[in-house]
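See below for the structure under consideration.
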Amino acid sequence: MKSKILGAALALALTAPAFAEDSIYVPLFTYRTGAFAGSGTPIADGMHDYLTMLNERDGGIGGVKLSVDECETGYDTKKGLECYDTVKPKNPVLINPWSTGITLSLIPKAAVDKIPILSMAYGLSAAARGDVFPWIFNPPVTYWDGASEILKYIGGGSIDGLKGKTVGYLYFDAAFGREALPFFQAEAKGAGFDLKLYPVAPADMQNQGSKWLDIRRDKPDFLVIYGWGAMNPTAIKEAVKAGFPMDRIVSIWWPNDADAASAGDGAKGFKELNWHGAGADYPAFADIKKLVLDAGKSQAAAGEFGSTLYGHGVYNSMLIAEAIASAQKVTGKKVVNGEDVRRGLESLNIDAARLKAIGLDGFAPSLKITCADHNSHGATFVQQWDGAKWVKVSDAITSAIDKVQPLIDDAAKGYAEKNAGWPARTEGCDSK
Amino acid sequence: MFYREAGQFKTSYAADMAIFPIRQDRIGLAIILFVAFVVIPLTGDLFVLNSMMIPFLILSLAAIGLNLLTGYTGLLSLGSAGFMGVGAYACYKLETSFPQVNIVVWILASGFASSFVGVIFGLPSLRIKGFYLVVATLAAQFFLEWAFARVPWLVNYNESGAIEVSTHRLFGIAILGPAASPVARYLVTLSIVTVMAWIASNIVHGRIGRMWMAVRDMDIAAELIGIRLLNAKLLAFAVSSFYIGVAGALMVYLWLGAAEPEAFNIDLSFSLLFMVIVGGLGSILGAFLGAAILHLLPIVLRSAPATLGIPIPGAIVEHLTFMAIGILIILVLILEPHGLAQLWRTVKQKLRVWPFPY
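Protein chains in written order, with our numbering: chain G, 1 to 432; chain X, 1001 to 1358.
Take a look at the structure:
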């Protein structure tokens, strides 16, 4: 009898780890607290809900359940590192830092810990160079691509169309906003337009009055905004107050529906860059609604579903899911680890057919990542706020890659040089 | 009973003036050092070393620095985070300009840069006191934060505007950067913090410390008995900023691994000041206790619901922790205004007479 119990206990002990092995651990670094919670919450919900939907609808990816785990960073680098140390022993397949500061701290660790980092359209732009940063991925578009696309759009199709014009640049005065600065300055010189700078310090996100006095005085023809968190709704409200023509403002892809709505009717005409469709009119979103939101498994507040930042979250999770699926295909394994997912990310090829298959037909342009190019420098379009929803008002705008690539090459080279002993790429390549 | 020094005879002045005159204290300290240097590295996992102990030690060191200024000399400062930043950026400049010199040398040397800046911003302290000095140091904080963001020379013209740490070695072992093991980084931090805490404890027990305390308690009286206020106050700024600067360099190099200017924002200044006040003004032990309350306790509280199996979403846990820590700070300030260090002194006194209190 005793031995039977012992045997059963032993069997239980032996099978217990096997159960744990049967899932793929996907940590999500999110921030629903702190100064940036307004931007962080819809993204967190979008990421969480898409992965939960996959678990509910398909039983995970390739038959393996996803173990989705949120860690609250509060957009604080210190807490982000704490989260990293918490999740690392659980063998995460990838990390989404969702903060440029956390990304910068984790970049050197990725290769050592064999955990790839997916910083979707943020983080270090230079990471687009897969030969220098084999473990970092920042698809589908960098801030430099975004800058070139905005300038092309307001220049009427080409940056040279801005000759003699004045362009204002209102930006979040941290790594994120400053990164695009050299690009704007080079283009201002090259294309012959006048660039006015309006930096907003992180502490003054909600106190932009003095910057808007300058903007009123300078009367730029166009205003480009690179804002985050509370800076976006404040900028839109200030623009309304200053009577700045809304259709002459183009923002990078971070303002959310609520940010524009908070400024009331005056915000009609506000434009922002985006790479994925607005709204929730896609089969995959319908599944999220049915299986996650209506089932009470989401924290999303009413009105959040289908917003731009929610869509960013869904897109981010779609990349995670596709990376895992692609890793399963490349390696032939069901339960993949960080190294496999890195290979999966490098062989990622999400074409129109694949998007249709996963229920996101027309949601986003196709995306192909290679060993050399970890970004794809995808096309975006401009969407305009009509007072209740976003309306697509432009065709696909492609990046001025001939101008962006030299900057990325320089930055990648600079990074490797400044970090003496930066390892040369030894990882193999699956996508030829 | 436990703290009876009966039978411990002092036969020299040096023994009488020792920092730890009671044998029980010395034994206790030896045990703490043994645990810190041997037990924790052997048993602590990645999270304990990386996210709990290393930050705790670094914040303790910064709190010691601020305590020298605020607790011992009575000069309130809200510029601590800025001075930490000076240390960090100085270390980055030194390390990238002279990579052949060992990084530990540069971490310690960066304190001098911070010291220099501290003295400059300390100059007004001769004329202004109390809240007015807080405003002056606040100016230092904002100016320094501005400089970190706006002077590209400080970050070697990096596009990202952040400083990044590459791998460095000591005796052939990687001690910082991605390849360094948590144990190596912990031991380096611990050694630096231990030595500097020991030096600080010697300073405050000696002539300089007494001079500072005299200035704190009544500066006119101190002046009358022959203490030069300018020298005493500037020395306090210099030494305090040195400690804070080294802590800043440690923070970027051994803890964060990369830093944006926002890492040194006013919130950090406030939390250092809270550490000093909650831990106990004018106490080296208090700096450690304050850092433990403000850094370790939130981590323990945050992990409590998960450990107990109560399913609460992370954001709510975060808010609850925030509230709990706030309530705790208020309670400590009401029940023990002199901080946790005073609590320890009371306990020690009670233990001394136990079981026959009089």
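Cβ atoms here follow ideal geometry from the backbone N, Cα and C, with glycine treated the same way.
Determine whether the Cβ of residue i lies closer than 8 Å to any Cβ atom of chain X.
| i | result |
| --- | --- |
| residue 70 (chain G) | yes |
| residue 411 (chain G) | yes |
| residue 145 (chain G) | no |
| residue 405 (chain G) | no |
| residue 315 (chain G) | no |
| residue 105 (chain G) | yes |
| residue 299 (chain G) | yes |
| residue 264 (chain G) | no |
| residue 389 (chain G) | no |
| residue 7 (chain G) | Residue confidence is low: residue 7 (chain G) scores 44 on pLDDT, short of 50, so the model does not pin down where it sits. No coordinate-derived value is stated. |
| residue 101 (chain G) | yes |
| residue 420 (chain G) | yes |
Can you find a C-beta in chain G that's less than 8 Å from the C-beta of residue i?
| i | result |
| --- | --- |
| residue 1167 (chain X) | yes |
| residue 1179 (chain X) | yes |
| residue 1047 (chain X) | yes |
| residue 1319 (chain X) | yes |
| residue 1096 (chain X) | yes |
| residue 1305 (chain X) | no |
| residue 1342 (chain X) | no |
| residue 1041 (chain X) | no |
| residue 1172 (chain X) | no |
| residue 1044 (chain X) | no |
| residue 1351 (chain X) | no |
| residue 1256 (chain X) | yes |
| residue 1336 (chain X) | no |
| residue 1029 (chain X) | no |
On the premise that residue j lies in contact with residue i, defined as a C-beta separation below 8 Å, what is that separation, rounded to the nearest angstrom?
| i | j | result |
| --- | --- | --- |
| residue 215 (chain G) | residue 198 (chain G) | 6 Å |
| residue 404 (chain G) | residue 64 (chain G) | Not confirmed; about 37 Å, so no contact. |
| residue 1279 (chain X) | residue 1339 (chain X) | 5 Å |
| residue 1215 (chain X) | residue 1284 (chain X) | Between residue 1284 (chain X) and residue 1215 (chain X) the Cβ distance is about 18 Å, and since that is not below 8 Å, they are no contact. |
| residue 54 (chain G) | residue 96 (chain G) | Not really, about 16 Å apart at Cβ, beyond 8 Å. |
| residue 1258 (chain X) | residue 1163 (chain X) | 7 Å |
| residue 345 (chain G) | residue 116 (chain G) | 6 Å |
| residue 257 (chain G) | residue 307 (chain G) | 4 Å |
| residue 193 (chain G) | residue 164 (chain G) | 7 Å |
| residue 240 (chain G) | residue 266 (chain G) | 3 Å |
Using CA atoms only, rank isn't needed, just tell me which of the options is closest to residue i.
| i | options | result |
| --- | --- | --- |
| residue 202 (chain G) | G:189, G:187, G:230, G:188 | G:230 |
| residue 1100 (chain X) | X:1319, X:1221, X:1168, X:1003 | X:1168 |
| residue 149 (chain G) | G:426, G:56, G:394 | G:394 |
| residue 237 (chain G) | G:143, G:100, G:268 | G:268 |
| residue 413 (chain G) | G:426, G:319, G:130 | G:130 |
| residue 1018 (chain X) | X:1244, X:1206, X:1316 | X:1206 |
| residue 436 (chain G) | G:173, G:331, G:384 | Since the first and last residues shown for chain G are 1 and 432, residue 436 (chain G) lies out of range. |
| residue 1158 (chain X) | G:428, G:418, G:337, G:282 | G:418 |
| residue 340 (chain G) | G:398, G:327, G:285, G:33 | G:327 |
| residue 1321 (chain X) | G:27, G:42, G:72 | G:72 |
| residue 371 (chain G) | G:209, G:389, G:343 | G:343 |
| residue 67 (chain G) | G:367, G:26, G:32, G:83 | G:26 |
| residue 61 (chain G) | G:388, G:322, G:365, G:423 | G:322 |
| residue 69 (chain G) | G:57, G:75, G:84, G:76 | G:84 |
| residue 1281 (chain X) | X:1030, X:1064, X:1086, X:1187 | X:1064 |
| residue 1105 (chain X) | X:1118, X:1121, X:1087, X:1120 | X:1087 |
| residue 276 (chain G) | G:177, G:380, G:204, G:345 | G:380 |
For a cutoff of 8 Å on Cβ pairs, would you count residue i as touching chain B?
| i | result |
| --- | --- |
| residue 1077 (chain X) | Absent here is chain B; the protein component of the structure consists of chains G and X. |
Verify the contact flag: residue i, CB atom, against every heavy atom of the ligand FAD, threshold strictly below 7 Å.
| i | result |
| --- | --- |
| residue 321 (chain G) | Looking for the ligand FAD in the displayed structure turns up nothing, as the structure carries no ligands at all. |
Residues of the segment 158-190 of chain G whose Cβ lies closer than 7 Å to any Cβ of chain X, in chain order: 173, 174, 175, 178, 179, 182
In chain order, which beta strand (DSSP E) runs of at least 3 residues are fully inside the segment 1074-1114 of chain X? none
What are the residues of the segment 55-83 of chain G that lie near chain X, defined by any Cβ-Cβ distance shorter than 8 Å? 70, 71, 72, 74, 77, 78, 81, 82
At what residue ranges does the segment 71-153 of chain G contain a whole run of the alpha helix (DSSP H), taking only runs of 4 or more? 77-87, 100-113
Report the residues of the segment 1098-1114 of chain X with a CB closer than 7 Å to any CB of chain G, ordered along the chain. 1099
Please give the ranges of any beta strand (DSSP E) in the segment 386-419 of chain G, keeping only runs that are unbroken, at least 3 residues long and fully inside the region. 390-392
Positions along the segment 18-49 of chain G whose CB lies within less than 7 Å of some CB in chain X: 32, 33
Under 7 Å (Cβ pairs) to chain X, residues found in the segment 362-384 of chain G: none
Please go through the segment 263-300 of chain G and give each complete beta strand (DSSP E) segment of 3 or more residues, from N-terminal end onward. 271-274
Which full runs of the alpha helix (DSSP H) of 4+ residues lie inside the segment 1004-1031 of chain X, going along the chain? 1013-1016
What are the residues in the segment 1230-1254 of chain X lying within 7 Å of chain G by C-beta distance? none
Sequence ranges, beta strand (DSSP E) only - wholly within the segment 179-230 of chain G, length at least 3: 194-200, 222-226
Taking Cβ-Cβ distances below 7 Å as the criterion, which residues of the segment 1134-1150 of chain X are in contact with chain G? 1149
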